[in-house]
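Residue numbers (this note's numbering): 37 to 354.
Ideal placement from N, C-alpha and C gives every residue a C-beta, glycine not left out.
The structure appears right after this line, and notes come after that.
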C-alpha cells in the first residue's frame, strides 16, 4: 500500500512539473483559430471555416519561441504562448490587428511582462497549474462543432473615441529634455488615462486653484488650473500634428499628480488620479480609487454597472 501511494504521488508530481513542452506552429495556429472562434461567437455568429489567418510570425528570445502572433483577416489577433507551462493565450483582440510598430508605451510594457513570464517559464521549466494543462488540452482537442455558440453576452462598443499617447505632440508642454520624444518628457500613462476620461466627459470648463512642486531634475513645475479654460472642441481623437489644447490638458493633469517626469518614461501612483480629479478638476466628491483586494464590493458588478451606464473607468492592473 505504501509503495502504491508513493508511486501515485510521484506520478502526480511529474504530471505537473514535467509539462514544459514547446508549442509548434501548427498547434499554435489551431489554438488561435479555436480561441478566436469561441470569443467572436459571443458577439456575432461566424463560421469556423471562414476564419482566415492574414499573417503569422514568431517572437523569440535566442532559440526559444516565446509566443506566436496570428493576425486574423480582416481584423483581430491572437497571441499564443510558445510553451505549454504558460497560459495558452496571453492576449487577443477582436477589433484590431497586432503590430510591433507604434505601440503605446503602456501596451509595450504589458506585452513585455508576458514575454518575460513565458521566457522564465521556458528557461526554468516551472510547474504548470492544472487549469493551464486542461485549457491547452481543450483548445488542442475540441471539435469546433462541439463548441457552444454562446451569443449571450452584451457587447459594449468602445466609449472613448480618443486614442491618445504619451509622446510626440501629446508631450509638447511637458518639461524639456533632449532625450525624450520631440525634446520633451513623456506625459505619463496616469495623465494620459485621466485626460481621455476628462475628454470623454468634456469636463471641466475651468479647474480649481493651482499646484506647484519641485522635481529633482527639472526644478519648479507648476500649473494654474483655475485660470485655464480647457478647449474641448479643439481636442482631436488622435494627434498627427501639434495640438496645444491636448498638450495643455495632459501637462496640467501630470502636474496635479506630482508626475515624476523623465525622457524614457514618466510615472506616478494611480491612486493620485482620484484625488486630483476631485480637488482640481471639479469631479464628484464620491470619485474614489478602489483596491480590489481591500474592497467588499462585487468587482465584476462594479465594472458592469459602469459599462451599462456608459461611464468609462480608470482601471489599473498588474
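Bounds of any alpha helix (DSSP H) do not take in residue 346, whose DSSP letter is neither H nor E.
For residue 250, the three-state secondary structure derived from DSSP is strand. Counting only runs of 3 or more residues that sit fully inside the region 98–158, the beta strand (DSSP E) segments are 100–109, 113–117 and 127–129, in chain order. Scanning 58, 146, 273 and 214 for the CA closest to the CA of residue 172 turns up 58. With the rule of 3 Cβ pairs closer than 8 Å, the region 61–73 counts as touching the region 125–135. CA-to-CA, the gap between residue 339 and residue 215 works out to about 39 Å. The criterion of a C-beta distance shorter than 7 Å is satisfied by residue 323 and residue 310. Between residue 82 and residue 106, the gap from beta carbon to beta carbon reaches 7 Å or more. Residue 257 is bridged by DSSP to 249. Residue 195 and residue 232 have their C-alpha atoms spaced approximately 10 Å apart. The alpha carbon of residue 118 has as its nearest neighbour, out of 260, 99 and 304, the alpha carbon of 99. For residue 231, the enclosing alpha helix (DSSP H) covers residues 225–237. Within 10 angstroms of the beta-carbon of residue 200 lie 16 or more other beta-carbons, which makes it buried.
For the pair residue 335 and residue 345, the CB atoms are not nearer than the 7 Å cut-off.
For residue 291, the enclosing alpha helix (DSSP H) stretches over residues 280–292. In this structure, residue 316 lies away from residue 224, with their beta-carbon atoms at least 7 Å apart. For residue 275, the number of other beta carbons within 10 angstroms of its own is at least 16, and it is reported as buried. If you draw a straight line from the Cα of residue 190 to the Cα of residue 217, it is about 40 Å long.
Residue 331 and residue 95 have their C-alpha atoms some 38 Å from each other.
DSSP places residue 67 inside the alpha helix (DSSP H), whose first and last residues are 61–76.
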